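Residue numbers (our numbering), protein chains in the order written: chain Z, -5 to 426; chain A, -5 to 426.
Right, here's the structure in full:
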């Protein structure tokens, strides 16, 4: 961190509102750098990212490091039956539901050092800052580090918070993942799959849930805005599409006689883009996976399989877009003499952030003199599970060039400290 | 074969021109069925196709069977240094260059029982028919079964006739193919790679080259025309295209910020189709191979590699089409914020059939009462190599539903016999 810039920010925000303490940005950076060692590629540096996949040895070691930080911050961490780590700081009325805040520390393979880590370590930093300032809150505070947010694929991840929200799938603990049965993996991190129900939190058991996270997209970075106020986590619909044409000799099959599955797939990919973009809004639509058969330069493609993924804050909107895509697929099939089958493969509902929490994040940022922008979260987060139990809000900070889930993932240190300060301010606003 | 239909055809053609003898269609069918055993899938039947890949044990066995057929037809087969099998029938003036005709008997993996086999066995049938009719010709006749027509990929196939035409690539004999060095493979079928130059035929060393083959496309079958007169073998240009975008999170990357390589590839695939189809003519253009990276439903594709293949009787025409495609690729790259690189990967020149040979095939078919259509050959053939040495012509018969290079490849037995009769008539016309 450039200390002068950070102090400059402090001085600026101090002008706006002299009251609350500020986090120690240098310490936050040191903790992020220290955590990055667990899962770092051999011989690499911080800039080489991290592979701290949930339940791996690196994950276990990172969790141990984080629990040590909690203890240094005067907290007594416990591991629940699902493997989530949490710790309470008493309030003046400890019978009240706490303000809950945190994130996760597991990563995707070859991921970055900010996704999850920032929100987890900033949560601990908030408590330590309050301790150092001798500030008590009316409500208790609870710091949480969720277990296995990333997973590898749909329904594998956002596991610890899903267990806490009571949304585990039947039989999920029996699934084998990375060569290990999930139940055994949970035991490895100190959980107890036989008593998984005990990890469940009741609706109303927290006053509100807050999560600081990197944006993972480029909106804030491009706009030069330091704080994003998340409107909600988008709904996701995924469709598996199979296009059946007829594989034939590319030299001997005249153009009008072809039933080219890849040509049909290309029209469909263009159509997905056009249909998604022609409506106003921030919805996205992606054909990310596509395979061709037989896939030879001199054979007209006979079969293509592809995925269509749609995301928006409104499930209804992406359902409408899917219907338009389906209608267009019907026309394309007829024009290309192929068959196109579009089958729903996954659905995740939207999780809207509570308006009052969004407003209090904006107010906190304003007190710190920081510009904000409201935006949806296109990625999934533990917060979406907490939204099913009580008020929820998320704070985003810019991701440089919008890069995430890659070693190049980076957020400027001053933005990390700003985000942690907004978290601190918002926690105080809700904890009284 | 439906014997009554075949006899009907004989009677009809006899009305048109009573002179020449007719092939024995039943025997031709029996020979095709007998040859199909070599390389037949275990437990399969004729309809299950054949895997008689060049130089395989099945190929060696099939070649032995064919040499036996030649001997039965009074011929003395020899194997040249390149592994090609050929045999001469004397003419009344044996100093004249012979009429050369034949095809190949190797197949693609999981191929059919007509591609190559028909032209090879029909050539032997022509000689046997002439022998049985006691008909002598002025010029000698030479039956040839070329070695390794199919290959597996560009430059691997059309090998035996390429050696005969003196067009082998430098170092080609050292290449390892199917786990065996080509030189050793050639030894396996009785060739002599150390004396490969001896397989070369001189320009003018044959009077004309004729090849009967299945169309492998659906033009004749759809039109209900029994005989195709090949105008030439198309030129082929293949381009390897690399499209570089930027892989990013499909949830967090807004549509306008994407650099989606698959979207660009889709526009390009559509453009190839439109550019090729908007001009009159029988040119074809194919995007047959395409791979996506990282190829995950929730990641905007960062890299796509694809092939563009163009074929037409005119090299100039496909070069012009390629330029149009290249220009459109530049626009697409700019519109999608990607980079598109289009690199020439293979070029095969066209081989035009000699007009006088085309006319004599038409005249022969007319004498037999058979309707003809001129058409290009979109597939490569040994004939394209012989065209570099002397007059060349090809006779096509219909492929049912245009299917080839697959077990379902089929040509009606009466069409096989018709094709062999046209070959016989044309041989006689050129042999005097």
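Heads up, the beta-carbon is just placed ideally off N, CA and C, and yes, glycines get one too. Computed from a prediction, not measured in an experiment: that's the story for all the values here.
Item: Taking the C-alpha atoms as reference points, what is the distance between residue 106 of chain Z and residue 42 of chain A?; Value: 53 Å
Item: Mind checking residue 191 of chain A: buried by the 16 CB within 10 Å criterion, or exposed?; Value: exposed
Item: Using alpha carbons as the reference points, say which of A:330, A:317, A:396 lies closest to residue 251 of chain Z.; Value: A:396
Item: Within its chain, find whatever has a CB closer than 6 Å to the CB of residue 174 of chain Z; leave out the 5 residues flanking it on each side and keep chain order.; Value: none
Item: Starting from the C-beta of residue 155 of chain A, find all residues in its chain whose C-beta is less than 6 Å away, skip the five residues before and the five after it, and write them out in chain order.; Value: 140, 376, 379
Item: For residue 413 of chain Z, which option in Z:362, Z:229, Z:401 has the closest C-alpha, if you only look at C-alpha atoms?; Value: Z:362
Item: May I ask which residues mark the beginning and end of the beta strand (DSSP E) holding residue 386 of chain A?; Value: 386 to 391
Item: Could I get the ranges of all uninterrupted alpha helix (DSSP H) runs contained in the segment 148 to 217 of chain A, with 4 residues as the minimum, in chain order?; Value: 153 to 159, 176 to 182, 213 to 217
Item: Counting only runs that start and end within the segment 251 to 335 of chain Z, where is the beta strand (DSSP E) found for 3 or more residues in a row?; Value: 278 to 280, 284 to 287, 297 to 306
Item: Whose Cβ in chain C lies nearer than 7 Å to the Cβ of residue 244 of chain A?; Value: In the structure shown, chain C cannot be found, because the protein chains are Z and A.
Item: Looking at C-alpha atoms only, which residue of Z:390, Z:300, Z:311 is the closest neighbour of residue 272 of chain Z?; Value: Z:311
Item: On the CB-based measure, 16 or more other CB atoms within 10 Å of its CB, does residue 179 of chain Z come out buried or exposed?; Value: buried
Item: Considering only their Cβ atoms, is the gap separating residue 35 of chain Z from residue 200 of chain Z smaller than 7 Å?; Value: no
Item: Which residues of chain A have a Cβ atom closer than 9 Å to the Cβ of residue 289 of chain Z, listed in chain order?; Value: 282, 283, 284, 285
Item: Would you say residue 249 of chain Z lies against chain A (beta-carbon separation less than 7 Å)?; Value: yes
Item: At 7 Å on the CB atoms, spell out the chain Z contacts of residue 210 of chain A, in chain order.; Value: 243, 246
Item: Beta-carbon separation of residue 348 of chain A and residue 386 of chain A under 7 Å?; Value: yes
Item: Counting contacts by CB-CB distance shorter than 7 Å, is residue 373 of chain Z in contact with chain A?; Value: yes
Item: In terms of alpha-carbon separation, which member of Z:216, Z:211, Z:123 lies closest to residue 224 of chain Z?; Value: Z:211
Item: Given this structure, state the Cα-to-Cα distance separating residue 82 of chain Z from residue 74 of chain Z, to the nearest angstrom.; Value: 13 Å
Item: Just mark residue 196 of chain Z as buried or exposed, buried being the case when its beta carbon has 16 or more other beta carbons within 10 Å.; Value: exposed
Item: Taking C-beta to C-beta, are residue 278 of chain Z and residue 233 of chain Z nearer than 7 Å?; Value: no
Item: Using 8 Å for Cβ pairs, my map puts residue 209 of chain Z next to residue 391 of chain Z. What's the rounded Cβ distance?; Value: 7 Å
Item: Is the distance from the Cβ of residue 24 of chain A to the Cβ of residue 113 of chain A below 7 Å?; Value: no
Item: Is residue 264 of chain Z closer than 7 Å to residue 260 of chain A when the C-beta atoms are compared?; Value: yes
Item: Output yes if chain A places a C-beta closer than 7 Å to the C-beta of residue 348 of chain Z; else output no.; Value: no
Item: Under 7 Å, CB to CB, which of the residues in the segment 124 to 153 of chain A have a partner in chain Z?; Value: none
Item: Keeping to the same chain, check which residues put their C-beta closer than 7 Å to that of residue 337 of chain Z; ignore five residues upstream and five downstream.; Value: 233, 234
Item: Using a Cβ-Cβ distance under 7 Å, would residue 156 of chain Z count as near chain A?; Value: no
Item: Three Cβ pairs or more, each shorter than 8 Å: is that satisfied between the segment 214 to 223 of chain Z and the segment 320 to 331 of chain Z?; Value: no
Item: Against residue 263 of chain Z, what residues of chain A qualify as contacts under a CB-to-CB distance less than 7 Å, listed in chain order?; Value: 256, 257, 260
Item: Quick check: residue 101 of chain A and residue 57 of chain A, are their CB atoms within less than 7 Å of each other?; Value: no
Item: Can you say whether residue 147 of chain A is buried or exposed, counting buried as having 16 or more other CB atoms within 10 angstroms of its CB?; Value: With a pLDDT of only 43 at residue 147 of chain A, under the threshold of 50, the placement of this residue in the model should not be trusted, and no figure is reported.
Item: For the segment 385 to 413 of chain Z, enumerate the residues whose C-beta is nearer than 7 Å to any C-beta of chain A, in chain order.; Value: 396, 398, 399
Item: Taking the Cβ atom as the reference point for each residue, do residue 19 of chain A and residue 360 of chain A lie within a distance shorter than 7 Å?; Value: no
Item: For my contact list, residue 282 of chain A and residue 294 of chain Z are in at a C-beta cut-off of 8 Å; report their separation, rounded to the angstrom.; Value: 7 Å
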